[in-house]
Amino acid sequence: MPENLSAKNNIYQFAATAPGTCQTMDIERFVKSFKAYDAVGNELKVAHTSINQWQLSNPERIKKIVYQISDTWNTKINTHFIYQMCGSAIEPNNVLINGQCVFGYFQGMQSYPIIIRIDYPKDWIAGTALPQDKDGYY
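47 is the number of the first residue of the sequence shown in the working numbering; add one for each residue after it.
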């Protein structure tokens, strides 16, 4: 989580488009749950206010955001079909993550870098161009 969130960061945004495709994706269609928590684990109020956006009631208190997101390859949709090379897939023996399908950002923080750690089965192999630090974060 970024340090020092404030009222100006009260929107969490998911991608509307994918870079280089000029295609509407509206990734929020794949978000199945979205919750925010403070430092002691109390759930904070959030509201799904518009396409791709969740409003955060107390961004300065947020210490963790948890959301579930479905993959774009296997989820049935009727409009704005996702170009497969921009999509994501979750299968029993592999996962494909394209950042715009999984990660959002806080309003005003689009250019801030993120670090992630992915927990996956020991017999899987991670394939990425991202460097991994000593703690397992990319």
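Ideal placement from N, C-alpha and C gives every residue a C-beta, glycine not left out.
Return the residue from the list T118, G87, I164, P138 that minimises the CA-CA distance to Y129. Translated into positions along the sequence shown, residue 129 becomes position 83. Closest option to Y129, Cα to Cα, is T118.
To the nearest angstrom, how far is the alpha carbon of R163 from that of S157? Sequence index remark: in the sequence shown, residue 163 carries index 117 (1-based). Sequence index remark: in the sequence shown, residue 157 carries index 111 (1-based). Distance between the alpha carbons of R163 and S157: 19 Å.
First and last residue of the beta strand (DSSP E) that includes V77? One-based indexing of the sequence shown puts residue 77 at position 31. First-last of the beta strand (DSSP E) with V77: 77-83.
Compute the beta-carbon to beta-carbon distance between Q59 and Q153, rounded to the nearest angstrom, for a pair I have assumed lies under 8 Å. Translated into the one-based positions of the sequence shown, residue 59 becomes position 13. Translated into the one-based positions of the sequence shown, residue 153 becomes position 107. With a Cβ gap of about 6 Å, Q59 and Q153 count as contacting.
Cβ contact (3+ pairs, closer than 8 Å) linking the stretch 73-83 and the stretch 91-108: yes
Member of M131, F127, M155 whose CA lies at the smallest distance from the CA of P105: Reading the sequence shown from its first residue, position 59 is the one you call residue 105. Minimum Cα distance to P105 is reached at M155.
Shortest alpha-carbon distance to T125 belongs to which of I73, D179, P65? By one-based count along the sequence shown, residue 125 stands at place 79. Nearest C-alpha to T125: I73.
6 Å CB neighbourhood of G150 in its chain, flanking five on each side removed: In the sequence shown, counting from the first residue as 1, residue 150 sits at position 104. Y58, Q59, F60, listed in sequence order.
Under 6 Å Cβ to Cβ from Q178, same chain only, skipping five residues before and after it: list those, please. To locate residue 178, count along the sequence shown from 1; it is residue 132. Cβ neighbours of Q178 beyond the five flanking positions: Y184.
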